[in-house]
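Novice: Quick one: structure below, then a few questions.
Number of protein chains: 2
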Amino acid sequence: MGHDMTANIAWTDPRCPVARTVDLVGDRWSLLVIRDAMDRARSFTDFQQRTGIARNILADRLRKLTTYGLLEQVDAPSGKRKLYKLTDAGKDLFSVIVTLRQWGERHAFVAGEDHSVLVDDNDARIPEFVPMSFDGTPLTSDNTHVQPAE
Amino acid sequence: MGHDMTANIAWTDPRCPVARTVDLVGDRWSLLVIRDAMDRARSFTDFQQRTGIARNILADRLRKLTTYGLLEQVDAPSGKRKLYKLTDAGKDLFSVIVTLRQWGERHAFVAGEDHSVLVDDNDARIPEFVPMSFDGTPLTSDNTHVQPAE
DNA sequence: CCCATTCAGTTGCAATTTGCTACTTAATTG
DNA sequence: CAATTAAGTAGCAAATTGCAACTGAATGGG
Numbered sequence: 001m002g003h004d005m006t007a008n009i010a011w012t013d014p015r016c017p018v019a020r021t022v023d024l025v026g027d028r029w030s031l032l033v034i035r036d037a038m039d040r041a042r043s044f045t046d047f048q049q050r051t052g053i054a055r056n057i058l059a060d061r062l063r064k065l066t067t068y069g070l071l072e073q074v075d076a077p078s079g080k081r082k083l084y085k086l087t088d089a090g091k092d093l094f095s096v097i098v099t100l101r102q103w104g105e106r107h108a109f110v111a112g113e114d115h116s117v118l119v120d121d122n123d124a125r126i127p128e129f130v131p132m133s134f135d136g137t138p139l140t141s142d143n144t145h146v147q148p149a150e
Numbered sequence: 001m002g003h004d005m006t007a008n009i010a011w012t013d014p015r016c017p018v019a020r021t022v023d024l025v026g027d028r029w030s031l032l033v034i035r036d037a038m039d040r041a042r043s044f045t046d047f048q049q050r051t052g053i054a055r056n057i058l059a060d061r062l063r064k065l066t067t068y069g070l071l072e073q074v075d076a077p078s079g080k081r082k083l084y085k086l087t088d089a090g091k092d093l094f095s096v097i098v099t100l101r102q103w104g105e106r107h108a109f110v111a112g113e114d115h116s117v118l119v120d121d122n123d124a125r126i127p128e129f130v131p132m133s134f135d136g137t138p139l140t141s142d143n144t145h146v147q148p149a150e
């Protein structure tokens with residue numbers, strides 16, 4: 001599991017993985033920063049222009065995401081300036097971004113409105129994710145439940 | 001696509017489905033309310049006790065989620081009081097909750113810490129989701145990109 | 001090499017959002 | 001029918017966010 005970069009956080013609900021993730025990235029901007037990092041944003045200005053976030057808030061979010069181990073700073077080609085890139089943990093949020101995107105496509109647009117799409121290296125749209133059990137049964141909130149930590 | 005319950009929102013980034021979803025549920029509490037609704041919370045007090053959210057904020061979030069079409073109010077068995085239940089659009093956030101949960105399990109706990117788990121009706125833990133292309137290639141931020149709306 | 005511009009922030013302050021505690025009114029319970 | 005619980009609302013304090021201006025390094029062009 002993760003290294004201990006999140007040890008000093010006052011978790012909203014310490015035993016719930018959903019709540020911990022929301023504590024780390026569940027604000028108005030962090031997930032959009034991650035989204036743009038996944039789409040090759042690297043510099044402070046990249047993120048500022050793509051999101052439109054206020055500069056002081058962006059600085060704060062980049063700092064937090066770096067502290068939490070989702071971003072890291074690396075030297076730019078020039079060797080002098082720094083860039084932000086996703087860590088493995090940050091990249092692993094891909095599935096979250098994908099499900100947010102697909103839900104939005106299904107429910108947050110009215111017919112006829114268009115929107116950006118996520119495509120693979122062949123410019124083919126990616127499949128829709130439906131959670132499945134090992135035997136292929138679709139999983140929903142109606143056939144699953146949360147079991148408290150033992 | 002969705003009916004027009006979100007028409008009056010000032011979208012952060014109107015063409016991006018990720019951003020629209022974040023506009024609807026990307027605050028500190030909404031996703032935890034959805035999480036609990038998926039785990040059979042129904043009354044105001046259910047949600048208040050499970051999340052620990054302040055009562056005025058909870059009232060506001062329940063109102064918004066209802067306005068956005070993620071929750072609806074239905075008559076309690078008594079016929080007098082009301083309960084909140086997920087709409088189809090709300091239930092469809094299941095995949096988002098699952099990916100948030102699985103990311104948290106992988107990255108927001110240190111070894112040895114325990115946490116609640118999501119299980120199916122046979123109490124079996126559900127599989128990990130890995131986004132895949134149609135041909136079975138794992139998809140990541142390195143082999144996908146966003147294509148602007150045409 | 002020097003001036004202008006861009007980059008990556010920081011600072012100060014205003015506006016918005018959140019959280020706490022107490023209060024209210026309608027159900028439910030004993 | 002009195003006491004308790006449910007589902008909020010109201011008022012105010014605290015925290016967060018956003019805006020605009022500022023700063024001090026890097027580039028970049030002539």
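Sequence order for the protein chains is A and B.
Here the first sequence stands for residues 1 to 150, where the numbers follow full-length UniProt numbering.
Here the second sequence stands for residues 1 to 150, where the numbers follow full-length UniProt numbering.
Here a beta-carbon is modelled for each residue, glycine too, at the ideal position from N, C-alpha and C.
Only a predicted model underlies this, so the values are computations on that prediction, with no experimental measurement involved.
With three or more C-beta pairs closer than 8 Å as the rule, is the stretch 5 to 22 of chain A touching the stretch 63 to 82 of chain A?
Specialist: The stretch 63 to 82 of chain A is in contact with the stretch 5 to 22 of chain A.
Novice: Check each residue of the stretch 114 to 130 of chain A: if its Cβ is closer than 8 Å to any Cβ of chain B, include it; give the result in chain order.
Specialist: Residues passing the 8 Å Cβ filter: D114, H115, S116, V117, L118, V119, D120, D121, D123, A124, I126, P127, F129 and V130.
Novice: Name the chain B residues whose beta carbon is nearer than 7 Å to that of A:I57?
Specialist: The premise fails here: A:I57 is roughly 13 Å from chain B at the closest Cβ pair, so nothing lies under 7 Å.
Novice: Any chance the stretch 33 to 53 of chain B sits against the stretch 72 to 88 of chain B, with 3 or more Cβ pairs inside 8 Å?
Specialist: Yes, the stretch 33 to 53 of chain B is in contact with the stretch 72 to 88 of chain B.
Novice: Reducing DSSP to helix, strand and coil, say where B:M5 ends up.
Specialist: DSSP places B:M5 in coil when its eight states are reduced to three.
Novice: If you check the beta carbons only, do A:V96 and B:T144 fall under 8 Å apart?
Specialist: Not closer than 8 Å, so no.
Novice: Grouping DSSP H, G and I as helix and E and B as strand, with all else coil, what is A:P17?
Specialist: DSSP places A:P17 in helix when its eight states are reduced to three.
Novice: Helix, strand or coil for A:K80, going by three-state DSSP, please let me know.
Specialist: A:K80: coil per DSSP, three-state reduction.
Novice: Terminal residues of the continuous beta strand (DSSP E) containing B:E72?
Specialist: Unbroken beta strand (DSSP E) run through B:E72: L71 to D75.
Novice: For the 8 Å Cβ check, are there 3 or more pairs between the stretch 18 to 35 of chain B and the stretch 132 to 139 of chain B?
Specialist: Contact fails: fewer than three Cβ-Cβ distances are below 8 Å.
Novice: Go through its chain and collect everything with a Cβ distance to A:T51's Cβ below 8 Å, but skip five positions before and after it.
Specialist: Closer than 8 Å at the Cβ level, and outside the excluded window around A:T51, lie W29, L32, V33, D36 and L58.
Novice: Since B:D92 meets chain A, which of its residues come closer than 8 Å, beta carbon to beta carbon?
Specialist: In chain order: W103, R106 and H107.
Novice: If residue 179 of chain A and B:H115 are in contact, beta carbons under 8 Å, what's the gap, nearest whole angstrom?
Specialist: The question about residue 179 of chain A has no answer, for chain A in this structure spans 1 to 150.
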